[in-house]
Amino acid sequence: MSIVSNVREKIRLQIEKALEEARAKGALTFESIPNFVLEVPREKAHGDFATNIAMLLTKQAKLPPRVIAEHLVANFSKEATWVDRIEIAGPGFINFYLGTGWLYAVLPKVIKEDTAYGNSTYGNGEKVQVEFVSANPTGLLHMGNARGAALGDTLSNLLEAAGFDVTREFYINDAGNQIENFGKSLEARYLQLMGEDIPFPEEGYHGEDIITTVKNIIAEVGDKYLPMDSALRREFLIQKALEEKLGAIRNDLARFGVEYDVWFSEQTLHDSGAIAQTIKELQEKGYIYEKEGALWFKSTLFGDEKDEVVVRSNGIPTYFAADIAYHKNKFERGFQKVINIWGADHHGHVARMKGAVKAVGYDPDRLHVILMQLVRLFRGGEIVRMSKRSGQYVTLSELMDEVGKDAARYFFVMRSPDSHLDFDLDLAKAESSENPVYYVQYAHARINSILKASGTELPPVENVDFTLLKEEAELELIRKIADLPEEIVGAAVNMEPHRIARYAHDLASLFHSFYNSCRVLTEEEELRKARLCLVDAARITLRNVLHLLGLSAPERM
RNA sequence: GCGCCCGUAGCUCAGUGGAUAGAGCGCUGGCCUCCGGAGCCAGGUGCGUAGGUUCGAUUCCUACCGGGCGUACCA
Numbered sequence: 082m083s084i085v086s087n088v089r090e091k092i093r094l095q096i097e098k099a100l101e102e103a104r105a106k107g108a109l110t111f112e113s114i115p116n117f118v119l120e121v122p123r124e125k126a127h128g129d130f131a132t133n134i135a136m137l138l139t140k141q142a143k144l145p146p147r148v149i150a151e152h153l154v155a156n157f158s159k160e161a162t163w164v165d166r167i168e169i170a171g172p173g174f175i176n177f178y179l180g181t182g183w184l185y186a187v188l189p190k191v192i193k194e195d196t197a198y199g200n201s202t203y204g205n206g207e208k209v210q211v212e213f214v215s216a217n218p219t220g221l222l223h224m225g226n227a228r229g230a231a232l233g234d235t236l237s238n239l240l241e242a243a244g245f246d247v248t249r250e251f252y253i254n255d256a257g258n259q260i261e262n263f264g265k266s267l268e269a270r271y272l273q274l275m276g277e278d279i280p281f282p283e284e285g286y287h288g289e290d291i292i293t294t295v296k297n298i299i300a301e302v303g304d305k306y307l308p309m310d311s312a313l314r315r316e317f318l319i320q321k322a323l324e325e326k327l328g329a330i331r332n333d334l335a336r337f338g339v340e341y342d343v344w345f346s347e348q349t350l351h352d353s354g355a356i357a358q359t360i361k362e363l364q365e366k367g368y369i370y371e372k373e374g375a376l377w378f379k380s381t382l383f384g385d386e387k388d389e390v391v392v393r394s395n396g397i398p399t400y401f402a403a404d405i406a407y408h409k410n411k412f413e414r415g416f417q418k419v420i421n422i423w424g425a426d427h428h429g430h431v432a433r434m435k436g437a438v439k440a441v442g443y444d445p446d447r448l449h450v451i452l453m454q455l456v457r458l459f460r461g462g463e464i465v466r467m468s469k470r471s472g473q474y475v476t477l478s479e480l481m482d483e484v485g486k487d488a489a490r491y492f493f494v495m496r497s498p499d500s501h502l503d504f505d506l507d508l509a510k511a512e513s514s515e516n517p518v519y520y521v522q523y524a525h526a527r528i529n530s531i532l533k534a535s536g537t538e539l540p541p542v543e544n545v546d547f548t549l550l551k552e553e554a555e556l557e558l559i560r561k562i563a564d565l566p567e568e569i570v571g572a573a574v575n576m577e578p579h580r581i582a583r584y585a586h587d588l589a590s591l592f593h594s595f596y597n598s599c600r601v602l603t604e605e606e607e608l609r610k611a612r613l614c615l616v617d618a619a620r621i622t623l624r625n626v627l628h629l630l631g632l633s634a635p636e637r638m
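Just so you know, we're using this note's numbering here: the first sequence kicks off at 82 and counts up by one.
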């Protein structure tokens with residue numbers, strides 16, 4: 082358990098004991114202790130921890146909150162809690178002020194745990210799957226995919242650090258309508274490039290990248306497909322093109338720092354009969370009806386607005402049918418929790434997907450869908466116009482060329498998925514102070530520079546007197562360092578990776594403040610040793626956080 | 001029309017059922033004979049509107065206003 086959680090739990094326990102004691106003495110009456118908050122107050126003047134328990138007990142105890150607080154304090158045993166003094170404030174808050182002793186225990190722990198610092202066993206090895214990006218393999222990765230990639234990968238890192246057993250998965254939509262359409266587009270481009278004057282399908286993929294793909298295929302096979310039957314020709318073209326497109330997607334994601342554990346093909350669900358079987362199961366359970374020649378899933382039974390087609394009147398299952406089979410498959414593989422990261426334009430899909438999960442026999446609360454709002458790019462203060470239809474959009478690969486991997490990942494993760502993201506390209510590529518990515522990395526580089534300048538090995542922590550660290554800036558920095566394990570768990574279980582980006586920035590900020598007010602390489606030998614250890618702990622913490630975000634931790638910039 | 005998300009400082013965004021609502025950018029003024037000035041310190045008019053629940057609401061609920069998205073036998 083982390084030191085902060087440990088301290089918190091001890092105080093919580095003593096609060097409960099104090100209340101029971103007060104009741105035993107007849108000072109207080111209450112049925113049960115309500116679920117109270119023991120939080121770090123916003124204001125430092127309000128102590129290290131504060132609780133609202135006295136206000137919550139007013140009804141049960143039939144006493145004013147401050148009176149309840151007094152009884153609690155009178156019965157509170159400070160032993161083994163690090164609590165130095167207690168004050169009652171405001172409408173009835175009880176503020177706990179801690180001594181600094183517990184903070185000094187943090188530094189040796191960080192240095193000892195090193196790359197593992199921040200990790201915890203909170204998740205108990207529970208199996209969690211995170212499915213993200215899952216872009217159509219008919220094109221290149223765009224900004225929405227990029228945001229999903231950064232969010233999904235960072236969230237996966239956080240879950241792992243919090244002790245979950247994480248599987249990162251990419252669902253390949255290599256079947257269905259859009260592949261049909263893809264085939265038609267490829268064929269049209271192929272024939273056009275071979276000199277035939279034929280129209281391009283209106284609903285086809287207009288992007289330039291498809292022409293390039295077909296050119297590459299022609300370079301390999303020439304006119305071999307020309308005399309072929311159209312169906313066979315499309316099949317060949319699709320196969321070749323998918324190979325290329327998936328390869329490109331895989332490369333771009335790898336360059337973005339994202340490595341998947343599983344690439345799951347939709348086509349395999351068709352081939353194995355899993356989809357047919359799932360539909361049959363739903364039919365047997367009475368969740369399917371026929372209308373106008375199509376099979377419909379009764380998603381309205383599960384709170385959806387309207388029912389949804391699973392098999393079209395032409396006999397071909399819809400994407401939704403495949404998705405049901407896919408999610409059934411996920412749970413069959415033993416994932417306790419399944420997390421999907423989708424663009425907000427898919428939000429209408431959430432209710433029926435959860436309904437479907439329930440229909441195939443699993444608790445829909447085990448499926449979590451993170452909806453992320455769309456991304457707008459700005460360059461020179463102007464919106465960069467994009468159109469998927471015309472195939473004109475900035476790709477992930479181009480973004481990395483322009484602003485670099487680190488800046489791109491940080492910008493995508495620093496906002497809540499709920500917020501519409503305005504991505505300022507000029508800011509992201511600025512190699513200057515206004516760029517928040519550099520701010521954090523600079524702190525890390527600066528630390529390494531100090532350690533190098535110290536010219537000595539770090540002293541063994543047993544020989545260091547940490548109580549010499551008494552400056553406000555030092556204590557605040559240690560406090561922040563101590564928070565990492567709880568920050569990781571909080572960001573992971575709430576599925577809010579942007580919290581950790583913020584933490585990184587706050588930590589860097591406290592380090593910079595410390596640097597400006599305390600000289601590390603001072604003449605005072607013992608103080609110098611203590612500060613070197615503090616700096617090293619800050620280095621470890623910053624580096625670990627940067628890695629969680631998928632960013633490099635440069636030693637020089 | 002109905003459904004989901006959002007409305008917080010000039011701009012981009014954090015944040016919480018509580019005690020004085022924050023950060024970055026931009027703007028102004030300071031700070032290195034010294035460990036990296038890509039840094040530090042100081043400076044502020046803001047929770048869309050109106051009700052409700054509560055000891056307490058920016059946070060929860062309702063209505064309204066404004067923006068985004070969805071509402072296909074597309075994915």
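For each residue, glycine too, the CB sits at the ideal point set by N, CA and C.
Item: Selection from R249, V545, R104 that minimises the alpha carbon distance to W344; Value: R249
Item: Segment limits, alpha helix (DSSP H) that includes V507; Value: The amino acid at residue 507 is misidentified as Val; the sequence shows Asp. Element bounds for D507: 506-510.
Item: Sub-7 angstroms separation of L452 and H430 beta-carbons; Value: no
Item: Under 7 angstroms between C-beta atoms of F263 and V214; Value: no
Item: Cβ shell of G415 (< 8 angstroms), same chain only, five flanking positions each side left out; Value: K208
Item: Expected contact under 8 angstroms - CB spacing of N625 and T359 to nearest Å; Value: Not confirmed; about 42 angstroms, so no contact.
Item: Identity of the residue in Q259, A572, E636, E604 nearest N200 by Cα; Value: A572
Item: Per-residue DSSP class, three states only, for E463; Value: strand
Item: Neighbour-count burial assignment, Y370, 16 or more Cβ in a 10 Å radius; Value: exposed
Item: L376 in three-state terms, based on DSSP; Value: strand
Item: Cβ pair count under 8 angstroms reaching 3, the segment 176-187 against the segment 381-397; Value: no
Item: Helix, strand or coil at W344 according to DSSP, with G and I counted as helix; Value: strand
Item: Anticipated Cβ contact below 8 angstroms, I569 with L239, distance rounded; Value: 6 angstroms
Item: Contacting residues, own chain, Cβ-Cβ under 7 angstroms from S346 (five flanking each side not counted); Value: I253, D255
Item: Neighbour-count burial assignment, P22, 16 or more Cβ in a 10 Å radius; Value: Examination of residue 22 is not possible in this model, given that the chain is present from 82 through 638 alone.
Item: When A126, N176, R270 are compared against F157, the one with the closest alpha-carbon; Value: N176
Item: Length of the line joining the Cα atoms of A357 and W423; Value: 25 angstroms
Item: Touch test, the segment 618-632 against the segment 579-599, Cβ-Cβ under 8 angstroms, three pairs minimum; Value: yes
Item: CB contact flag (A554, C614, <7 angstroms); Value: no
Item: Cα-Cα separation, D246 to E301; Value: 43 angstroms
Item: As assigned by DSSP and simplified to three states, the class of A242; Value: helix
Item: Distance CB(R270)-CB(I299) smaller than 7 angstroms; Value: no
Item: Given 8 angstroms, three or more beta-carbon pairs between the segment 157-166 and the segment 577-585; Value: no
Item: Selection from A170, I405, R612 that minimises the alpha carbon distance to G354; Value: I405
Item: Ranges of the alpha helix (DSSP H) found wholly within the segment 380-442, counting only runs of at least 4; Value: 400-413, 431-440
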